[in-house]
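Written out below as structure tokens is the structure these notes cover.
Residue numbers (the working numbering): 1 to 672.
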């Protein structure tokens with residue numbers, strides 16, 4: 001049985017390659033392999049049949065071996081696929097031997113070939129100790145909301161990585177000091193900037209095979225200008241020393257004259273990560289590094305490329321543009337500019353965008369060059385979601401102290417029941433922001449007016465934190481407490497008021513409000529199952545049962561009841577509830593005929609501004625954690641009731657498109 005492979009040769013600083021058209025090659029311990037190595041050592045000038053290449057070829061999935069003879073370094077390397085210990089997955093590995101020893105031996109050691117060494121997936125050069133360490137501050141870039149073009153860029157990026165993944169997977173080729181790193185870096189940058197070269201070469205080799213190599217031009221340098229940014233290629237960007245090294249490279253490249261008069265923005269790229277650095281008058285600001293390439297980059301767009309695309313196609317990190325100097329004779333809405341760009345030929349659309357700042361913004365916000373493409377989803381630019389496999393692992397492993405959670409979670413007959421319980425568990429355990437898959441951002445979280453207090457930096461003159469002391473932020477979904485029965489039937493409501501649970505924000509972990517919700521969901525599930533389980537049938541959940549057992553109904557009740565039990569009777573929310581019930585009598589106890597003071601929906605009816613209850617407003621022996629309730633226009637806009645406002649409401653932060661992911665309409669009832 002034969003094997004497949006190719007040869008790489010490094011001599012006098014140049015690379016050469018030799019391979020059979022069908023990839024045939026001899027085994028490492030074969031006499032033919034040994035003879036070729038000795039001939040190369042004895043007659044390095046006899047290179048008939050060897051092809052000059054800019055860099056060595058990596059181990060490919062269609063190859064068994066790649067032999068690399070480095071006459072300059074005096075080494076012989078065998079690259080091959082090997083199984084990781086305890087795993088059936090394959091990974092590139094290599095065996096490196098001294099050419100002098102091979103030349104003197106009679107054959108290649110069989111034991112060495114059969115015991116390859118696993119190479120590191122990250123190549124790190126030694127840091128430059130001569131670079132003077134500088135203290136720099138960290139900063140965050142608000143990348144903003146991705147555009148349809150950013151979505152296309154993300155999908156093209158995964159395709160590009162998939163095609164050339166073998167260069168990236170092989171640690172022997174994907175190194176900072178190898179030319180292929182520079183080749184793919186410029187490809188990533190051009191794709192992120194939507195800046196492509198026009199080629200007249202129609203003889204493009206397709207499909208990409210083990211013999212294919214990138215043929216586009218690239219800057220053969222570690223530092224160069226690109227779209228107004230100074231790109232610095234670095235072996236690592238995670239340590240402070242490496243960031244200082246990148247700044248030193250930039251200073252040496254541009255000189256002191258430019259640094260004294262202007263700010264410089266750096267894009268620092270390593271074989272695995274990317275970081276953004278700003279150099280201004282002896283002050284250095286550096287972002288945290290983002291992953292550019294990982295084991296999943298061929299199937300999922302990385303955070304580093306998403307950030308790179310936003311930086312190069314938006315104003316999120318650019319210097320103040322000169323757009324304010326641009327004056328149009330008429331006020332042209334952006335929609336009209338996009339229509340003009342869509343009708344122009346690609347060359348004219350580019351020229352128009354280069355001639356106008358307004359047109360440039362519209363150009364990068366759409367996919368005008370593709371006439372018949374309409375981006376309907378943002379799977380690449382907005383990473384999503386919690387998979388069934390991850391959810392099972394979470395409830396089973398992370399919450400193993402309470403086995404009943406996993407038991408109940410797995411017992412649910414419908415996905416919507418599991419999704420309801422899972423969102424409460426995730427936010428309670430991790431904190432953070434949750435949104436359903438049919439929720440789209442109207443603006444970034446940190447620019448949402450209703451959430452500004454949570455992200456506003458504490459002024460230096462204050463000695464204590466001024467952010468709201470709350471553990472949960474919720475929104476209003478339905479606010480029609482006086483709706484008629486017919487109105488409720490028309491909307492398929494079980495209640496005329498309720499809080500949103502398709503979008504929630506937990507500023508910190510282990511919210512007591514979410515804990516109470518989880519306890520109620522588990523209790524309601526046990527009760528419902530016991531009442532609706534028979535010898536022959538499992539419990540069936542209709543729409544009303546789902547809303548009451550795990551959905552918004554039980555969530556709203558848990559919030560209001562927790563507030564009622566934890567706030568003092570003199571609290572304004574309790575007083576507002578009692579005042580609103582004065583002429584109704586719902587709070588009068590049927591036994592004592594006295595008013596039961598508690599929190600009702602009244603304080604949250606017709607909200608125009610957020611209502612926040614601080615954690616310390618609870619009585620001393622109760623834990624409530626603090627709560628903020630947002631007006632319906634913030635998260636519940638786009639509905640034709642409750643004065644919700646449209647998707648473009650000034651206070652809108654997210655838009656819920658109500659994708660009917662679980663409720664059945666007439667189509668589902670007829671066709672399934």
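We put the CB at the ideal spot given by N, CA and C, even for glycine.
Just to confirm the assignment, what range does the alpha helix (DSSP H) spanning residue 526 have?
One-based indexing of the chain shown puts residue 526 at position 526. DSSP places residue 526 inside the alpha helix (DSSP H), whose first and last residues are 512-532.
Locate the alpha helix (DSSP H) running through residue 226, then write down its first and last residues.
In the chain shown, counting from the first residue as 1, residue 226 sits at position 226. Run containing residue 226: none in the alpha helix (DSSP H); it sits in the beta strand (DSSP E), 223-226.
Tell me, please, which residues DSSP counts as bridged to residue 15.
Locating residue 15 in the chain shown gives position 15, counting from the first residue. DSSP output for residue 15 lists 10 and 53 as bridge partner(s).
Taking contact to mean at least 3 C-beta pairs separated by less than 8 Å, is the region 473-490 in contact with the region 514-533?
no
Assuming residue 654 contacts residue 503 (C-beta within less than 8 Å), just tell me the rounded distance between them.
Stepping through the chain shown from its first residue, residue 654 is reached at position 654. Stepping through the chain shown from its first residue, residue 503 is reached at position 503. Right, the Cβ-Cβ distance comes to about 6 Å (below 8 Å), so this counts as a contact.
Tell me which residue opens and which closes the beta strand (DSSP E) that residue 76 is part of.
Numbered from its first residue, the chain shown carries residue 76 at position 76. Segment 75-83, the beta strand (DSSP E) holding residue 76.
On the three-state DSSP scale, how would you describe residue 218?
Start at 1 with the first residue of the chain shown, and residue 218 comes out as number 218. Correct three-state label for residue 218: coil.
Which of helix, strand or coil does DSSP assign to residue 248?
The sequence position of residue 248 within the chain shown is 248, counting from 1. Helix at residue 248.
What are the start and end residues of the beta strand (DSSP E) that includes residue 656?
The count along the chain shown starts at 1 and reaches residue 656 at position 656. Residue 656 -> beta strand (DSSP E) spans 654-656.
First and last residue of the alpha helix (DSSP H) that includes residue 148?
On the chain shown, residue 148 is found 148 positions in, with the first residue counted as 1. Unbroken alpha helix (DSSP H) run through residue 148: 148-163.
Please give the ranges of any alpha helix (DSSP H) in the region 336-407, keeping only runs that are unbroken, at least 4 residues long and fully inside the region.
Note on the region 336-407: whole alpha helix (DSSP H) runs with a minimum of 4 residues are 346-355, 357-364 and 388-393, in chain order.
Touching by the beta-carbon criterion (3+ pairs, under 8 Å), the region 155-163 and the region 288-302
yes
Residues bridged to residue 445 [DSSP beta-bridge criterion]:
Residue mapping note: residue 445 aligns to position 445 of the chain shown, counting from 1. None, per the DSSP bridge assignment.
State the Cα-Cα distance for the pair residue 607 and residue 221, rounded to the nearest angstrom.
The sequence position of residue 607 within the chain shown is 607, counting from 1. The sequence position of residue 221 within the chain shown is 221, counting from 1. Computed Cα separation, rounded: 59 Å.
May I ask you to report which of helix, strand or coil DSSP gives residue 594?
Walking along the chain shown from the start, residue 594 turns up at place 594. It is coil, neither helix nor strand.
So the alpha helix (DSSP H) residue 36 belongs to, where does it begin and stop?
The residue labelled residue 36 in the question sits at position 36 within the chain shown. Here the alpha helix (DSSP H) through residue 36 covers 31-42.
Pull up the distance between the alpha-carbon of residue 44 and that of residue 208, whole angstroms please.
Along the chain shown, read from residue 1 onward, the residue named residue 44 stands at position 44. Along the chain shown, read from residue 1 onward, the residue named residue 208 stands at position 208. So the two alpha carbons sit approximately 31 Å from each other.
Nearest-angstrom Cα separation, counted from residue 478 out to residue 642
The residue you call residue 642 lines up with position 642 of the chain shown. The residue you call residue 478 lines up with position 478 of the chain shown. Approximately 6 Å between the Cα atoms of the pair.
Sorted by chain position, which residues of the same chain lie with C-beta nearer than 6 Å to residue 380's C-beta, five sequence neighbours on each side aside?
Within the chain shown, the letter at position 380 stands for residue 380. Same-chain partners within the cutoff: 151, 154, 155 and 301.
Minimum length 4: unbroken alpha helix (DSSP H) runs contained in the region 588-649
632-635
Span of the alpha helix (DSSP H), counted from its first residue to its last, around residue 503:
Stepping through the chain shown from its first residue, residue 503 is reached at position 503. Careful: residue 503 lies outside any alpha helix (DSSP H), inside the beta strand (DSSP E) at 503-506.
Reducing DSSP to helix, strand and coil, say where residue 541 ends up.
As a working mapping, residue 541 is identified with position 541 in the chain shown. Of the three classes helix, strand and coil, the one that applies to residue 541 here is coil, per DSSP.
How is the beta strand (DSSP E) around residue 100 delimited, first residue to last?
Along the chain shown, read from residue 1 onward, the residue named residue 100 stands at position 100. No beta strand (DSSP E) holds residue 100; the alpha helix (DSSP H) holding it covers 99-104.
Terminal residues of the alpha helix (DSSP H) in which residue 557 lies:
Translated into the one-based positions of the chain shown, residue 557 becomes position 557. Its alpha helix (DSSP H) spans residues 552-566.
Close Cβ partners of residue 473 (< 6 Å) along its chain, the five nearest in sequence each way excluded
For this step, residue 473 is matched to residue 473 along the chain shown. Around residue 473: 505 and 628.
State the Cα-Cα distance for the pair residue 402 and residue 526, rounded to the nearest angstrom.
As a first step, residue 402 must be located in the chain shown, where it is residue number 402. As a first step, residue 526 must be located in the chain shown, where it is residue number 526. Their Cα atoms are separated by approximately 15 Å.
In or out: residue 409 buried (at least 16 other Cβ within 10 Å) or exposed?
The sequence position of residue 409 within the chain shown is 409, counting from 1. Classification for residue 409: buried.
When the Cα atoms are used, what is the spatial distance from residue 298 to residue 157?
Residue 298 sits at position 298 when you count from the first residue of the chain shown. Residue 157 sits at position 157 when you count from the first residue of the chain shown. The straight-line gap from Cα to Cα measures roughly 8 Å.
C-beta atoms of residue 567 and residue 595 nearer than 8 Å:
The residue labelled residue 567 in the question sits at position 567 within the chain shown. The residue labelled residue 595 in the question sits at position 595 within the chain shown. In this structure, residue 595 does not lie closer than 8 Å to residue 567 by Cβ.
In three-state DSSP terms, what is residue 330?
The residue you call residue 330 lines up with position 330 of the chain shown. Correct three-state label for residue 330: coil.
May I ask you to list the residues that DSSP assigns as paired with residue 138?
Stepping through the chain shown from its first residue, residue 138 is reached at position 138. 286.
Using a 10 Å radius around the Cβ and a threshold of 16 neighbouring Cβ atoms, would you call residue 334 buried or exposed?
Residue numbering aside, residue 334 sits at position 334 when the chain shown is read from its first letter. Residue 334 is classed as exposed because its beta carbon has fewer than 16 other beta carbons within 10 Å across all chains shown.
Measuring only the C-alpha atoms, how far is residue 361 from residue 314?
By 1-based counting over the chain shown, the position of residue 361 is 361. By 1-based counting over the chain shown, the position of residue 314 is 314. Approximately 7 Å, taken between the alpha carbons.
Would you say the region 212-219 touches the region 235-251, given that touching needs at least three Cβ pairs under 8 Å?
no
Please go through the same chain and pick out, in chain order, the residues whose beta-carbon is closer than 6 Å to the beta-carbon of residue 77, but skip the five residues on each side of it.
Working through the chain shown from its first residue, we reach residue 77 at position 77. Residues 68, 94 and 96 of the same chain have their beta carbon placed closer than 6 Å to that of residue 77, with the five preceding and five following residues left out of the count.
Looking at the structure shown, is residue 144 part of a helix, part of a strand, or coil, going by DSSP?
As a first step, residue 144 is located in the chain shown; it is residue number 144 there, counting from the start. Residue 144: coil per DSSP, three-state reduction.
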